[in-house]
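Student: Protein chains in written order, with my numbering: chain A, 50 to 210; chain B, 50 to 210. I'd like to ask some things about the structure below.
Number of protein chains: 2
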Amino acid sequence: MTATQPATLAPDGASVLRAAGLRVTESRLAVLTALAALPHSGADAVYARVRESLPNTSRQAVYNVLGDLARTGIVRRIEPAGQPGLFELRVGDNHHHVICTNCGVVADVDCAVGHAPCLTPSADGGFAIVEAEVTYWGLCGDCQADPGEQVSSNLISTKEK
Amino acid sequence: MTATQPATLAPDGASVLRAAGLRVTESRLAVLTALAALPHSGADAVYARVRESLPNTSRQAVYNVLGDLARTGIVRRIEPAGQPGLFELRVGDNHHHVICTNCGVVADVDCAVGHAPCLTPSADGGFAIVEAEVTYWGLCGDCQADPGEQVSSNLISTKEK
DNA sequence: CCGTTGTTTTGATTCAGTCAAAAGAAGCCG
DNA sequence: CGGCTTCTTTTGACTGAATCAAAACAACGG
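Structural data, given as structure tokens:
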């Protein structure tokens, strides 16, 4: 339930945190490390991972940290329909996501066709549009091969039950 | 917290339901009527509206009905980040949505720049892509005029708090 | 090394939605 | 029309994801 992402934690976590005006704490470093290892994972997965190295960390701390990181732009939070919030370190490049409707795995997709097109709706209804978010839905390689294992039953499926 | 939508309940609700193999019940008709009046509304708003005409309807019934309607393709469920599921009658035309980051209002947007581009990511990572969903984020007319009234605090805002 | 201020813990709480059993109604059958 | 099967709805408990708040704790500037 992960997918390719260049685990870009290039400068060490501490300096990234300082640059954002956040204190450097073990929890925050651990969350950054967890996200580098497990891109597109949710608070719970991060929590589990963090506790491998810091077993006393609270779930709330993980929520706090993820919230702080997202607010300061160090991580990006996505929230595909039918899934809890997911987090990724890859920020600032306006990429999109493709999500498996069967198992929920998420992969990155570079911005479709240039840039302008995906930012320009035909009519904006009076909105000042700031961002376009594209989510592709389909079957991942594994699920094409073996459609049997339905993992995430809570994914939105428009199909008959 | 609504927006333009051609309340297309053209054939009467009953026949729509029958055609989908669903029994015609008061709750279902009421939900359809509510959605025609309040596009892009969530289960709770639909519930409130339905109870104006059928005061004994249970919240669960509304969830059941919305689920049935979505599963049979009579309504479409969208789930913008930071908001509960929203429902709309406009289906089958693959339109997209623009959502106000300040107040959460949702409006329809016709498919961006033709069709192919938004369906073809540059690299699909082995996925068999079925659908592309585009969500535009920006400020609605009202919030551009009066940015004061922050309505939905639970909307994802990457900005500093 | 101290104090301020930001972070984390703990534990309760909310919100959106689902589950399940029992009661009730649609619609097909004769 | 009336019965019967099956689908719907009600009721009420329950889950998962996330937030709130107060008290304990720790970074880091001085």
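C-beta: ideal position from N, C-alpha, C; glycine also. Note that the coordinates shown come from a computational prediction; the quantities given were computed from them, not determined experimentally.
Would you verify that the beta carbon of valine 147 of chain A is, or is not, closer than 8 Å to some beta carbon of chain B?
Tutor: By this cut-off, valine 147 of chain A is an interface position.
Student: Identify the continuous alpha helix (DSSP H) that holds cysteine 192 of chain B and give its terminal residues.
Tutor: Unbroken alpha helix (DSSP H) run through cysteine 192 of chain B: 190 to 194.
Student: Using CA atoms only, rank isn't needed, just tell me which of B:Leu188, B:Gly91, B:Ala85 is closest to phenylalanine 136 of chain B.
Tutor: Of the listed residues, the one whose Cα sits closest to phenylalanine 136 of chain B is B:Gly91.
Student: Could you tell me whether the Cβ of aspartate 142 of chain A comes closer than 8 Å to any Cβ of chain B?
Tutor: Taking Cβ atoms only, chain B never reaches closer than 8 Å to aspartate 142 of chain A, which makes this a no.
Student: Helix, strand or coil: which one does DSSP assign to arginine 126 of chain B?
Tutor: Three-state DSSP puts arginine 126 of chain B in a strand.
Student: Could you have a look at valine 158 of chain B and say whether DSSP puts it in helix, strand or coil?
Tutor: If DSSP states are grouped into helix, strand and coil, valine 158 of chain B belongs with the strands.
Student: How far does the beta strand (DSSP E) with valine 147 of chain B in it reach, from first residue to last?
Tutor: Note, valine 147 of chain B: beta strand (DSSP E), 145 to 149.
Student: Measuring only between beta-carbons, confirm whether histidine 164 of chain B sits less than 8 Å from chain A.
Tutor: Here histidine 164 of chain B scores only 48 on pLDDT, less than 50, and its place in the model is too uncertain to base an answer on.
Student: Can you say whether asparagine 151 of chain A is buried or exposed, counting buried as having 16 or more other CB atoms within 10 angstroms of its CB?
Tutor: So asparagine 151 of chain A ends up on the buried side.
Student: What whole-angstrom Cβ distance do leucine 71 of chain B and threonine 121 of chain B have, given they're in contact under 8 Å?
Tutor: Right, their Cβ atoms sit about 6 Å apart.
Student: Are any of the Cβ atoms in chain A nearer than 8 Å to that of cysteine 152 of chain B?
Tutor: No - not a single Cβ of chain A is within 8 Å of the one on cysteine 152 of chain B.
Student: What span of residues does the beta strand (DSSP E) with leucine 135 of chain B cover, start to end?
Tutor: 135 to 137 is the span of the beta strand (DSSP E), which, as asked, contains leucine 135 of chain B.
Student: Between alanine 94 of chain A and the rest of its own chain, which residues show a CB-CB distance below 7 Å, the 5 nearest in sequence each way excluded?
Tutor: Around alanine 94 of chain A: Leu87.
Student: Compare the C-alpha of valine 179 of chain B against each of A:Gly175, A:Thr106, A:Gly187, A:Ala97 and name the closest.
Tutor: If we check each option's Cα against that of valine 179 of chain B, A:Gly187 comes out closest.
Student: To the nearest angstrom, report how far apart valine 155 of chain B and leucine 115 of chain A are at their CA atoms.
Tutor: The straight-line gap from Cα to Cα measures roughly 27 Å.
Student: Between which two residues does the alpha helix (DSSP H) carrying aspartate 117 of chain A extend?
Tutor: 108 to 120 is the extent of the alpha helix (DSSP H) around aspartate 117 of chain A.
Student: Per the DSSP calculation, glycine 174 of chain A is bridged to which residue(s)?
Tutor: Answer is none; glycine 174 of chain A lacks a bridge partner.
Student: Checking 8 Å against the spacing of the C-beta atoms, do alanine 119 of chain B and arginine 126 of chain B come in under that value?
Tutor: Yes, the pair counts as a contact, with Cβ atoms nearer than the cut-off.
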